[in-house]
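S.K.: Chains as they are written, first to last, in the numbering used here: chain H, -9 to 231; chain E, 7 to 427. Structure in structure tokens, see below.
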Amino acid sequence: MLIELKDVNKTYNNGQPLHVLKGVNLSIERGEFVSIMGASGSGKSTLLNILGILDNYDSGEYFLNGKLIKGLSERAAAEYRNHTIGFIFQSFNLIQFKTAIENIELPLFYRGTNRHTRHNLAMEYLERLGLTDWAGHFPNEMSGGQKQRVAIARALITHPQIILADEPTGALDSKTSLEVMELLKKMNKEENITIIVVTHESGVANETDKIIHIKDGVIGSIEENLRHDASPFGGADGIMK
Amino acid sequence: MRDLLQEIWSTLRQNKLRTALTGFAVAWGVFMLIALLGAGNGLLNALMSNNGNFLTNSMAIYSGSMSKPYNGLKEGTNIYFDSKDVKTTAGPLFSQVIDQVSPMLMHSITMDYNGQQVSTTLCGVAPVHSDIEKIPMNKGRFIDKIDMDECRKVIIIDSKTASQLLDDDPDYAKIVGRNINVDKYAFKVVGIYEADESMYQNDAYAPYPTVHTIYSKNNYMYRMFFTFHGLETEKANKEFQKKYTRAINLNHNASPDDENTVYFWNRFTQNMQMNKAVSIVRTALWIIGLFTLLSGIVGVSNIMLITVKERTHEFGIRKAIGAKPGSILRLIIVESIVITAFFGYIGMLGGLIANQIMDATLGNNPIDLGIAQVNMFLNPTVGIGVAVKATVTLIIAGTIAGIFPARKAAKVRPIEALRAE
Chain H
-9 MLIELKDVNK
1 TYNNGQPLHV
11 LKGVNLSIER
21 GEFVSIMGAS
31 GSGKSTLLNI
41 LGILDNYDSG
51 EYFLNGKLIK
61 GLSERAAAEY
71 RNHTIGFIFQ
81 SFNLIQFKTA
91 IENIELPLFY
101 RGTNRHTRHN
111 LAMEYLERLG
121 LTDWAGHFPN
131 EMSGGQKQRV
141 AIARALITHP
151 QIILADEPTG
161 ALDSKTSLEV
171 MELLKKMNKE
181 ENITIIVVTH
191 ESGVANETDK
201 IIHIKDGVIG
211 SIEENLRHDA
221 SPFGGADGIM
231 K
Chain E
7 MRDLLQEIWS
17 TLRQNKLRTA
27 LTGFAVAWGV
37 FMLIALLGAG
47 NGLLNALMSN
57 NGNFLTNSMA
67 IYSGSMSKPY
77 NGLKEGTNIY
87 FDSKDVKTTA
97 GPLFSQVIDQ
107 VSPMLMHSIT
117 MDYNGQQVST
127 TLCGVAPVHS
137 DIEKIPMNKG
147 RFIDKIDMDE
157 CRKVIIIDSK
167 TASQLLDDDP
177 DYAKIVGRNI
187 NVDKYAFKVV
197 GIYEADESMY
207 QNDAYAPYPT
217 VHTIYSKNNY
227 MYRMFFTFHG
237 LETEKANKEF
247 QKKYTRAINL
257 NHNASPDDEN
267 TVYFWNRFTQ
277 NMQMNKAVSI
287 VRTALWIIGL
297 FTLLSGIVGV
307 SNIMLITVKE
317 RTHEFGIRKA
327 IGAKPGSILR
337 LIIVESIVIT
347 AFFGYIGMLG
357 GLIANQIMDA
367 TLGNNPIDLG
377 IAQVNMFLNP
387 TVGIGVAVKA
397 TVTLIIAGTI
407 AGIFPARKAA
417 KVRPIEALRA
427 E
């Protein structure tokens, strides 16, 4: 079991206490391609942040690779994130004053990889994602799809076990969204990377093999979706926008 | 380390305005400090040099006139020094304080050497005079004890006069050892002192007994010099001066408490006052300088604070992909050090250049007062040591100023940092 959550609770105390996660139990196996669906405010992003050790939780247990992730120091958390987890964000979260290749290299910089290896690896990933010509460009010179591909390359370069994608297609048009989802699917199949996508779009969720519905801070139904026809809105043939 | 510097370089290159503003605050602080201290030093050095022509433990005394009638003498009667006063001064009464005495008898003379004539004032003095007035000898010697004892007719002239007597021969040194005519007497030139271009005087010096013997008739002595010791405070100096005046008054039948009969130019107390003034000015300069530095530091920390706030989101991204708090901290601090060091160095260079410019313009520009030239500005520089110290202080302070916001940034949880915009 790669990921195991047992009765995880999270409350935000910004003025009015907000109980976001109310005892989440969840298991995800290695190599799964999962989406977490829910309305806004359902706690899906919070869940993803906890999975990515970007945020902490109040009670319960979170096992990653069988290790309890609780009360980690920032240092240890950074270590986990760098070695095990790759992130893809809705707003790409590229560093604006760095070129595409510099952005992709950055996780390896924090791993302490030497410059030469870093550069070669980054070029390799740029090539795989068809961005070779864009290596020296800054994020603001690229389209949304290109930016998200740079972000995916950045997530992949460390060979993570898990990729956590928070609304990865939220800022993209439907064609590009489809490309991105295809890319994620490919990574899942070819490299056996566990991918967890948070989305509120049923079309996006339909591309994944398992759909976890979250509602009001608890896990609702979990659908197996191997035939990719789960969407009540979009049908089997793609991403609904 | 190279990676870190490259990382910083790319950050700085992409944030030119921020870098320029921080850099300006630092460079300006150091520049102002060094320029200010340099200018202050220039003023102080000039002050000291204008005062530096005399031996500090010496006094020059001038005879005055009686301020009140006494013993049948009218108010306003002029007092002139005589050999009795010389004896009193050098005698047992003041032997605890006064070391060596040089009376000064002056007479206008015309010197003649093979038809070349120069008019000047001949001063009959004692050997110690060259120490008291710091006469810069450059050829031969000054008056010595044997000249005094044997009442020799020897003379010391300045280099300009020497050259004039030799019909403008630049090789004036050869006049040493030759005899020249002083009025109707033959005097042997035994020494030449460097003519001071700034003081338009070309006094010639001869032993006091010689001048006294030849010219004492119809000639008044109104100046004496002596060296002294053991008067450490202004009060002691004042008391001594009072006692001395009383002794002179006794010689001249003046009222013992008449303080108008002798004027003192006490180089020791003058120097004391000068040192006090100098130290006050110096302290003031340092206080102003430190406040300038402080404003530079505040500028740096202010910008660091804004920088860190502005970059919170970026730090969030870095943390999400695996940056440890320590690496964020290091990034900010090294960046701060690089900026302050680089711009501090520029400011330091600028300050030193400004000092050089001041030196080249104002520094070599003595003000002509007619009788003498006075430096308003001399060597307006700070030592390289002070410049480096000031710069290093700013770098350290800039770093410390950077630490607090950096620690805050390093501590923020990644999810909060990512939410920040």
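Think of the CB as a built atom: it goes at the ideal place given N, C-alpha and C, for glycine as much as any other residue.
Going straight from the alpha carbon of H:I209 to that of H:L16, what length do you get?
M.R.: Residue 209 of chain H sits at position 219 when you count from the first residue of the first sequence. Residue 16 of chain H sits at position 26 when you count from the first residue of the first sequence. Computed Cα separation, rounded: 8 angstroms.
S.K.: Mind reading off the beta-carbon distance from H:I75 to H:A155? Whole number of angstroms is fine, and I expect it under 8 angstroms.
M.R.: Start at 1 with the first residue of the first sequence, and residue 75 of chain H comes out as number 85. Start at 1 with the first residue of the first sequence, and residue 155 of chain H comes out as number 165. That belief does not hold up - the Cβ atoms of H:I75 and H:A155 are roughly 11 angstroms apart, past 8 angstroms.
S.K.: Would you say E:V107 and E:R147 are within 8 angstroms of each other, going by their C-beta atoms?
M.R.: Within the second sequence, numbered from 1, the residue matching residue 107 of chain E stands at position 101. Within the second sequence, numbered from 1, the residue matching residue 147 of chain E stands at position 141. No, they are not a contact pair.
S.K.: Report back the beta-carbon spacing between H:N215 and H:N196 to the nearest angstrom; my notes put them in contact at under 8 angstroms.
M.R.: Here the question's residue 215 of chain H lines up with position 225 in the first sequence. Here the question's residue 196 of chain H lines up with position 206 in the first sequence. Contact holds; Cβ gap of about 7 angstroms.
S.K.: Check the Cβ of E:T17 against every Cβ in chain H and list those closer than 8 angstroms, keeping chain order.
M.R.: Stepping through the second sequence from its first residue, residue 17 of chain E is reached at position 11. What E:T17 touches in chain H, judged by beta-carbon distance under 8 angstroms, is F87, going in chain order.
S.K.: Hey, how far is the Cα of H:M230 from the Cα of H:T166?
M.R.: Translated into the one-based positions of the first sequence, residue 230 of chain H becomes position 240. Translated into the one-based positions of the first sequence, residue 166 of chain H becomes position 176. Because H:M230 sits at a pLDDT of 49, beneath the cut-off of 50, its placement in the model cannot be relied upon, and the following sentence gives the value as read from the coordinates. Taking the straight line joining both Cα atoms gives about 12 angstroms.
S.K.: If you reduce the DSSP assignment to three classes, tell me which class E:M7 lands in.
M.R.: Taking the first residue of the second sequence as position 1, residue 7 of chain E is located at position 1. Looking at E:M7 - three-state DSSP - the assignment turns out to be coil, as it is neither helix nor strand.
S.K.: Spell out whether any CB of chain E is found under 8 angstroms from the CB atom of H:Y2.
M.R.: Taking the first residue of the first sequence as 1, we reach residue 2 of chain H at position 12. Closer than 8 angstroms: no.
S.K.: Say whether chain E places a C-beta atom closer than 8 angstroms to the C-beta of H:P7.
M.R.: The sequence position of residue 7 of chain H within the first sequence is 17, counting from 1. False, the Cβ-Cβ gap to chain E never drops below 8 angstroms.
S.K.: Taking only the alpha-carbon atoms, compute the straight-line gap between E:V431 and E:M280 and give it to the nearest angstrom.
M.R.: With chain E represented from 7 up to 427, any question about residue 431 of chain E goes unanswered, as that position is not in the structure.
S.K.: Considering Cα atoms alone, identify which of E:S16, E:R24, E:R19, E:L39 is closest to E:T399.
M.R.: On the second sequence, residue 399 of chain E is found 393 positions in, with the first residue counted as 1. Measuring from the Cα of E:T399, the nearest candidate turns out to be E:L39.
S.K.: Against chain H, does E:K22 count as a neighbour if the rule is that its beta carbon must be under 8 angstroms from one of theirs?
M.R.: Taking the second sequence and counting its residues from 1, one reaches residue 22 of chain E at position 16. Among the residues facing chain H, E:K22 is not included, as its CB has no counterpart in that chain under 8 angstroms away.
S.K.: Alpha carbons only, please: which of E:I352, E:L368, E:G302, E:N185 is nearest the one belonging to E:G48?
M.R.: Taking the first residue of the second sequence as 1, we reach residue 48 of chain E at position 42. Among E:I352, E:L368, E:G302, E:N185, the Cα nearest to that of E:G48 is on E:L368.
S.K.: Is E:H113 helix, strand or coil by DSSP?
M.R.: Numbered from its first residue, the second sequence carries residue 113 of chain E at position 107. Strand.
S.K.: Is any beta-carbon of chain E found at less than 8 angstroms from that of H:Y100?
M.R.: Locating residue 100 of chain H in the first sequence gives position 110, counting from the first residue. Yes, H:Y100 lies at the interface with chain E (some Cβ there is under 8 angstroms from its Cβ).
S.K.: Report the option in H:G102, H:Q86, H:E117, H:K(-4) whose CA atom is closest to the CA atom of H:L11.
M.R.: The residue you call residue 11 of chain H lines up with position 21 of the first sequence. Per the Cα distances, H:K(-4).
S.K.: In the structure shown, what three-state DSSP assignment does E:R229 receive?
M.R.: Taking the second sequence and counting its residues from 1, one reaches residue 229 of chain E at position 223. Three-state DSSP puts E:R229 in a strand.
S.K.: Please compile the residues from chain H whose C-beta is within a distance smaller than 7 angstroms of the C-beta of E:I421.
M.R.: To locate residue 421 of chain E, count along the second sequence from 1; it is residue 415. What E:I421 touches in chain H: N39, L44, D45.
S.K.: Which whole-angstrom value describes the C-beta separation of E:N208 and E:D175, a residue pair presumed to lie in contact below a C-beta threshold of 8 angstroms?
M.R.: For the purposes of this step, residue 208 of chain E is identified with residue 202 of the second sequence, where counting begins at 1. For the purposes of this step, residue 175 of chain E is identified with residue 169 of the second sequence, where counting begins at 1. In fact, because the Cβ distance is near 17 angstroms, the residues do not count as touching under 8 angstroms.
S.K.: Go through its chain and collect everything with a Cβ distance to E:V284's Cβ below 8 angstroms, but skip five positions before and after it.
M.R.: On the second sequence, residue 284 of chain E is found 278 positions in, with the first residue counted as 1. Closer than 8 angstroms at the Cβ level, and outside the excluded window around E:V284, lie L50, L53, M54.
S.K.: Tell me whether E:R19 is buried or exposed, calling it buried when 16 or more other Cβ atoms sit within 10 Å of its Cβ.
M.R.: The residue given as residue 19 of chain E occupies position 13 in the second sequence. By the neighbour-count rule (16 or more Cβ atoms within 10 Å), E:R19 is not buried but exposed.
S.K.: How many Å lie between E:Y76 and E:R229 at the Cα?
M.R.: On the second sequence, position 70 is the one that residue 76 of chain E refers to. On the second sequence, position 223 is the one that residue 229 of chain E refers to. In a straight line, the C-alpha of E:Y76 is about 23 angstroms away from that of E:R229.
S.K.: Return the first residue and the last residue of the alpha helix (DSSP H) that E:W292 is part of.
M.R.: On the second sequence, residue 292 of chain E is found 286 positions in, with the first residue counted as 1. From DSSP, the alpha helix (DSSP H) with E:W292 extends over 273 to 316.
S.K.: My guess is that H:I147 and H:L98 are in contact by the Cβ rule of under 8 angstroms, so how many angstroms apart are they, rounded?
M.R.: To locate residue 147 of chain H, count along the first sequence from 1; it is residue 157. To locate residue 98 of chain H, count along the first sequence from 1; it is residue 108. Indeed they touch by this definition, with Cβ atoms about 6 angstroms apart.
S.K.: For H:R105, decide whether its Cβ has a neighbour in chain B, counting only Cβ atoms nearer than 8 angstroms.
M.R.: Protein chains H and E are contained in the structure displayed, whereas chain B is not.
S.K.: Compare the Cα-Cα distances from E:Y199 to each of E:P98, E:S169, E:D173 and report the closest residue.
M.R.: Translated into the one-based positions of the second sequence, residue 199 of chain E becomes position 193. For the residues E:P98, E:S169, E:D173, the minimum Cα distance to E:Y199 belongs to E:S169.
S.K.: Would you please verify whether the beta carbon of H:F223 is less than 8 angstroms from any beta carbon of chain E?
M.R.: Within the first sequence, numbered from 1, the residue matching residue 223 of chain H stands at position 233. At H:F223, the pLDDT of 48 sits below 50, so the modelled position is not reliable; the number obtained from the coordinates is stated separately. No, no contact with chain E.
S.K.: Does any C-beta atom of chain H lie closer than 8 angstroms to the C-beta of E:G29?
M.R.: Locating residue 29 of chain E in the second sequence gives position 23, where the first residue counts as 1. Judged by the 8 angstroms Cβ criterion, E:G29 is not in contact with chain H.
S.K.: My parser needs the alpha helix (DSSP H) runs of 4 or more residues fully inside the segment 148 to 187 of chain H; what are they?
M.R.: 164 to 181
S.K.: Just checking: is the beta-carbon of E:S342 within a distance shorter than 8 angstroms of some beta-carbon in chain H?
M.R.: The residue you call residue 342 of chain E lines up with position 336 of the second sequence. Taking Cβ atoms only, chain H never reaches closer than 8 angstroms to E:S342, which makes this a no.
S.K.: Output the residue ranges of the alpha helix (DSSP H) runs that lie fully inside the segment 324 to 405 of chain E and measure 4 residues or longer, sorted by chain position.
M.R.: 331 to 364
S.K.: Quick one, which residues of the segment 401 to 422 of chain E are near chain H if we go by CB-CB under 9 angstroms, in chain order?
M.R.: A416, K417, R419, P420, I421, E422
S.K.: At the level of alpha carbons, what is the spacing between H:G225 and E:W15?
M.R.: As a first step, residue 225 of chain H is located in the first sequence; it is residue number 235 there, counting from the start. As a first step, residue 15 of chain E is located in the second sequence; it is residue number 9 there, counting from the start. Low local confidence applies: a pLDDT of 43 at H:G225 is under 50, so the model's placement there is unreliable, with the coordinate-based value given in what follows. Rounded to the nearest angstrom, the two C-alpha atoms are 51 angstroms apart.
S.K.: Would you mind telling me which residues of chain E sit closer than 7 angstroms to H:P97, beta carbon to beta carbon, in chain order?
M.R.: Residue numbering aside, residue 97 of chain H sits at position 107 when the first sequence is read from its first letter. Chain E residues near H:P97: I327, G328.
S.K.: Of all the CB atoms in chain E, is at least one closer than 8 angstroms to the CB of H:G228?
M.R.: Reading the first sequence from its first residue, position 238 is the one you call residue 228 of chain H. Bear in mind that a pLDDT of 45 at H:G228, under 50, signals an unreliable position, so the number given afterwards is only what the model happens to contain. No - not a single Cβ of chain E is within 8 angstroms of the one on H:G228.
S.K.: List, from N- to C-terminal side, the alpha helix (DSSP H) runs of 4 residues or more that fit wholly inside the segment 33 to 109 of chain E.
M.R.: List check, alpha helix (DSSP H) in window: 89 to 96.
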